[in-house]
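For the sequence shown, the residue numbers in the UniProt record's numbering are 1 to 131. First up is the structure itself, then whatever we jot down about it.
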Amino acid sequence: WKTWRFTTDPLERRRGRRLGQDGRDGCYLIRDSDSVPGVFCLCVLWKRFAYTYRLHKDDAGSWAAETCQGVPKRYYRNIKNMIAALKKPEQGIVMPLLYPVTATRRAQALTEEEMSSNSLSQPGSGLSKTL
């Protein structure tokens with residue numbers, strides 16, 4: 001897959017953890033691109049790896065995803081329609097989109113992470129950190 005990339009960037013790792021906290025193959029989120037202004041990225045979890053696909057708008061206002069090589073590019077009127085299509089198999093991404101990781105779910109996961117790390121620092125909490 002040419003769209004997959006590994007990074008040691010702390011911001012990317014936090015985003016990957018958000019997907020990992022859900023942990024289910026097919027969970028996904030959409031975020032702003034860190035490197036290309038005006039472009040979004042679709043991150044999809046599969047077998048514990050986050051695969052990233054760029055979503056961009058062309059001059060005519062249609063949206064497309066950079067999928068794997070050999071898959072014809074499809075254009076959509078909006079991101080909502082694109083996501084609906086990418087929920088189906090054989091769309092040029094690692095697997096169909098199944099479980100959105102929403103802002104509410106991300107906030108909940110971050111709160112749980114903070115509570116867990118605070119509990120770990122308290123003696124006698126009975127919790128251990130898994131590495």
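We treat Cβ as the ideally placed atom computed from N, Cα and C, and that holds for glycine.
Quiz item: So what does DSSP say about residue 18, is it helix, strand or coil?
Solution: If DSSP states are grouped into helix, strand and coil, residue 18 belongs with the helices.
Exercise. Would you give the residue range spanned by the beta strand (DSSP E) that residue 142 belongs to?
Key: Given a span of 1 to 131 for the chain in the structure shown, any question on residue 142 remains unanswerable.
Exercise. Determine the direct distance from the alpha carbon of residue 44 to that of residue 132, and round the result to whole angstroms.
Key: The question about residue 132 has no answer here: the residues shown for the chain are numbered 1 through 131.
Practice problem: Could you check what DSSP says for residue 86 in three-state terms: helix, strand or coil? | Solution: In the structure shown, residue 86 sits in a helix (DSSP, three-state: H, G or I).
Quiz item: So is residue 77 buried or exposed if we call it buried at 16+ other beta carbons inside 10 Å?
Solution: Under this definition residue 77 is an exposed residue.
Quiz item: Which residues in the same chain have their Cβ closer than 8 angstroms to the Cβ of residue 25, if we skip the five residues on either side of it in sequence?
Solution: Only 45, 46, 47, 95 and 98 meet the Cβ criterion.
Self-check item: Collapsed DSSP secondary structure at residue 80 in the structure displayed
Solution: In the structure shown, residue 80 sits in a helix (DSSP, three-state: H, G or I).
Exercise. Name the two residues that bound the continuous beta strand (DSSP E) containing residue 60.
Key: In this chain, residue 60 is not harboured by any beta strand (DSSP E), its DSSP state being neither H nor E.
Quiz item: Which partner residues does residue 55 have in the DSSP bridge list?
Solution: Residue 55 pairs with 40 and 65.
Practice problem: With DSSP collapsed to three states, give me the class of residue 100. | Solution: Strand, per DSSP.
Practice problem: Measuring alpha carbon to alpha carbon, tell me which of 69, 83, 75 and 62 ends up nearest residue 30. | Solution: Selected option, being the one with the closest Cα: 83.
Practice problem: Can you give me the Cβ contacts of residue 56 inside the same chain, cut-off strictly under 6 angstroms, excluding the 5 residues immediately before and after it? | Solution: If the five residues before and after residue 56 are omitted, its C-beta is found closer than 6 angstroms to the C-beta atoms of 39, all from its own chain and listed in chain order.
Self-check item: Within 8 angstroms, strictly: CB atoms of residue 53 and residue 65
Solution: Yes, Cβ-Cβ distance for residue 53 and residue 65 is below 8 angstroms.
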